[in-house]
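Under the working numbering, the letters of the sequence shown match residues -16 to 387, in that order. Ideal placement from N, C-alpha and C gives every residue a C-beta, glycine not left out. Everything numeric in this text was worked out from a predicted model, so none of it was measured. To start, the structure under review is shown below, and the notes come after it.
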Amino acid sequence: MLEDLRQKYDTLKSLNLAIDLTRGKPHADQLDLSNELLHGEVDFIGENDIDLRNYGEPIGIIEARKLGAELLDSKLELTMAGEQSSYLLMTQMILGRFLLGLEGREQPWRKEEEIAFLCTVPGFDRHFATLDGFGIKMLTLNLCEDGIDLQHLQERLQENNNIKGIICVPRHSNPSGEVFTDQNIASFLELTKAYNPNFINLFDHAYLIHDFAKTLKQTPIPLLAQQIGALDNIAVFTSFSKVTFGGGGLSFLTTGPDNFAMLQQVRNMMVICPDKINQKRHVNFLQNKENIQIHMQKHATLIKPKFDLVVDKLKRLPKTCGTFTEPTGGYFVTYYASKPVAKRIVELCKGAGLLLTPAGSTFPYGNDPNDAVLRIAPTYIDLQQLELAMDIFTVAAQIADIEI
Ligand SMILES: Cc1ncc(COP(=O)(O)O)c(C=O)c1O
């Protein structure tokens, strides 16, 4: 058996492949869907007679903010349209609470000896990099089918008195694909608000409109938060990075009035205004939520076969090797090895010309306690390469499972 697998491995290795499955990036055919953005004139006088070529509108042009509010189901006056990165807005939010605090409510976090954040796991490595950069202690928070494992959350809150917030991806969680239920979100909003009235739940809605198969409908988070008086306990972020151009779209945020004012203040320290021409260009191109949904359906058609292929290949693995997710949207499939072999799989794959995200990267401090979780990002490469990549992956997963 092992001999057979080694032979297959050597055959794949002899192809001298160089395939990169490390990051969830759109394929060029997805980018082509938005090529219209590269052409065409933009009327530089915006709504309200604003000259878009000049400084001004620090929280975004009104047309873009309206589009953001439509997408997030948020109040226009609490919706910001930023630069091209929601990750940047999220970092600015954390920076603001760190440097400035919440006026009349909470002192800046920098004044406290040690503060902590709950990070859902498996999670997004860049979230961990940001929190770690601020010296914020990261505590893992388990996910379950419904969203956050509430039992685990309660334990964490009981054990620690310095937790300032949660960071999570509530739809098609990166990388394990959970879609949080309304009940789950409402429950943890209530629990965390009772723990600390200034608790901040950072909802990274990077995959808000990225379904490629039937997916649970969610009540918009601002509405849920409003119902339980917790608007200032949420901040919801999204962007067009995986709608139009990676790193070249628009970002949006909504939060409660106190956090919104704080964020405006912190942004004033670093940016005069976003690129309003790009905002206008996007508004012209995408127009409204309905049109965006039609556009996203085109993405879905392009990426669904890739996810089907990955899942199909993983299904052929012996069941004892591990389990895997079957997402209905987003950008990742997660593989859970039964034995502590994730690092070994990555090493074997690399040896055969396939780059995977490093084992451990889906956990704070790179520490996967079971060395079991691997993230597969299938969108960036074409189907033919993906097939070879999954052949390498599945052979490597079997060899690693037998070797140990
Ligand atoms: C969960 C999550 N958040 C944020 C981002 C980046 O978003 P943006 O390009 O808007 O900064 C990504 C991209 O991979 C992501 O997976």
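For residue i, the three-state DSSP class (helix, strand or coil)
i	result
residue 332	helix
residue 358	strand
residue 168	helix
residue 197	coil
residue 63	strand
residue 152	coil
residue 211	coil
residue 162	coil
residue 243	helix
residue 216	helix
residue 99	strand
residue 133	helix
residue 226	coil
residue 374	helix
Same chain, Cβ closer than 6 Å to residue i, five either side skipped, listed in chain order
i	result
residue 327	383
residue 18	none
residue 308	159, 160, 316, 317
Distance between beta carbons of residue j and residue i, contact taken as under 8 Å
i	j	result
residue 163	residue 216	The Cβ separation is near 15 Å, so there is no contact.
residue 198	residue 151	That belief does not hold up - the Cβ atoms of residue 198 and residue 151 are roughly 17 Å apart, past 8 Å.
residue 76	residue 246	6 Å
residue 248	residue 83	6 Å
residue 296	residue 362	In fact, because the Cβ distance is near 16 Å, the residues do not count as touching under 8 Å.
Identity of the residue in the options nearest residue i by Cα
i	options	result
residue 40	62, 202, 276, 295	62
residue 263	6, -2, 36	36
residue 155	173, 187, 34	187
residue 284	265, 311, 261	311
residue 306	344, 347, 358, 108	358
residue 1	364, 378, 360, 381	364
residue 314	157, 116, 82, 95	157
residue 165	146, 131, 22, 379	131
residue 276	374, 354, 170, 190	190
residue 32	21, 171, 368, 44	44
residue 303	52, 330, 255, 321	321
residue 220	-3, 205, -14	205
residue 338	-9, 378, -6, 6	6
residue 51	319, 272, 379	272
residue 194	260, 386, 20, 290	290
Close beta carbons around residue i, own chain, < 8 Å, minus the five adjacent residues each side
i	result
residue 100	114, 119, 120, 121, 122, 146, 147, 148, 149, 150
residue 167	129, 130, 131, 133
Own chain residues within Cβ distance below 7 Å of residue i, not counting five before or after
i	result
residue 49	59
residue 347	102, 111, 121, 123
residue 223	232, 233, 265
Kindly provide the ranges of any beta strand (DSSP E) runs that are 3 or more residues long and lie completely inside the stretch 251 to 325, ordered along the chain.
-> Within the stretch 251 to 325, the complete beta strand (DSSP E) segments of 3 residues or longer fall at 305 to 307, 316 to 320, listed in chain order.
3 or more residues per run - each beta strand (DSSP E) lying fully within the stretch 0 to 86 | Runs of the beta strand (DSSP E) inside the stretch 0 to 86: 62 to 64.
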